[in-house]
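Right, one structure below, let's go through it.
Structure below.
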């Protein structure tokens, strides 16, 4: 959709696999989106809304900050 | 097991609204061409209807990623369609466009709008490599069908006419393996088509039918080429 957002580090794929090798389809159904949405988030093509980020974190049993973090050096509010 | 199945069968059934919209569009174009141009209204309903219903809040068949992809594609279509409209209006006002009626310039603008929207949406859903390779497969298939229909009584002629289709299929394959090379070849193919079909006249809108060929034929090739040249490595693109 747009260039990868270099400011956000995305750990969704790692946590999905840690969560009993959950498939993209199963996670998509758990949070009520399409598998393509999960694929795009994992590839860094799409940053989810706060609502979806919270649902993903809830489904995987982790905090939102465990899934998405500001990249090192970006936490000070600097922009590209 | 489930993950293997996901990779082996990535196709998902399209939404009902998308299927109905596509059927209405196809029926509208077919009936408009064969029976009466008034049937084109059906194509308008099919193309724009689902989006209007979604914006009115009466249709909820897309998640947030798809909605955002559709909005972004709409913005791209606005930029491309607006630019094309200014060029066409300017040419019409200056009298440089060879105009027989309003149908061709309107069709030209609609083509720019629709193709830009479609390619942008495909890029969002699939990434550059799959969007470009699917576009090339569609191009190749249409070229092959037209070649067979046009010269099926002359096997040698049919074979010669079909050769460009094989080039499209080869480029579709290459788009997955070597996207940079495929992108460069697509841009070269676009330039070659401009030269071969004398489409340079289209840029000045001296011949609007050539401008239409430029949009429908060269446009997707160039868009695919640019997308592939900007693509990240293949490991990032595959779902």
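Residue numbers (my numbering), protein chains in the order written: chain A, 1 to 80; chain B, 1 to 239. Cβ coordinates follow ideal geometry from the N, Cα and C atoms, glycine included.
From this set, the options, which residue's C-alpha is nearest residue i's C-alpha?
i                      : options                      : result
residue 183 of chain B : B/146, B/128, B/51 and B/109 : B/128
residue 63 of chain B  : A/13, A/8, A/41 and A/17     : A/41
residue 122 of chain B : B/39, B/74, B/218 and B/190  : B/74
residue 45 of chain B  : B/216, B/58 and B/21         : B/21
residue 132 of chain B : B/92, B/151 and B/174        : B/174
residue 106 of chain B : B/50, B/211 and B/224        : B/211
residue 193 of chain B : B/208, B/39 and B/213        : B/213
residue 71 of chain A  : A/44, A/33, A/54 and A/29    : A/44
residue 222 of chain B : B/209, B/126, B/185 and B/15 : B/185
residue 15 of chain B  : B/114, B/61, B/32 and B/178  : B/61
residue 24 of chain B  : B/146, B/36 and B/47         : B/47
residue 163 of chain B : B/142, B/67, B/91 and B/178  : B/142
Please tell me whether residue i and residue j are closer than 8 Å, where the distance is taken between their beta carbons.
i                      : j                      : result
residue 137 of chain B : residue 180 of chain B : no
residue 27 of chain A  : residue 38 of chain A  : yes
residue 84 of chain B  : residue 109 of chain B : yes
residue 7 of chain A   : residue 68 of chain A  : no
residue 35 of chain A  : residue 25 of chain A  : yes
residue 26 of chain B  : residue 50 of chain B  : no
residue 69 of chain B  : residue 116 of chain B : no
What are the boundary residues of the beta strand (DSSP E) that includes residue i?
i                     : result
residue 59 of chain B : That residue, residue 59 of chain B, is in no beta strand (DSSP E); it is neither H nor E in DSSP.
residue 69 of chain A : 68-70
residue 9 of chain A  : 8-10
State the start and end residues of the unbroken alpha helix (DSSP H) segment that holds residue i.
i                      : result
residue 146 of chain B : 128-151
residue 42 of chain A  : 35-42
residue 21 of chain A  : Element bounds for residue 21 of chain A: n/a, residue is neither H nor E.
residue 180 of chain B : 179-196
residue 55 of chain A  : 50-60
Inter-stretch contact (C-beta, 8 Å, three-pair minimum) for the stretch 11-21 of chain A and the stretch 43-60 of chain A: yes
Residues within the stretch 62-89 of chain B neighbouring chain A, beta-carbon criterion of under 8 Å: 63, 64, 65, 66, 68, 69 and 72
Short-range partners of chain B found in the stretch 27-38 of chain A, where Cβ spacing is below 8 Å: 32, 33, 34, 35, 36 and 37
Contact list for the stretch 45-68 of chain A against chain B, Cβ threshold 9 Å: Residues passing the 9 Å Cβ filter: 45, 46, 48, 49, 51 and 52.
Stretch-stretch touch, CB-based, cutoff 8 Å, three pairs: the stretch 183-196 of chain B with the stretch 215-224 of chain B: yes
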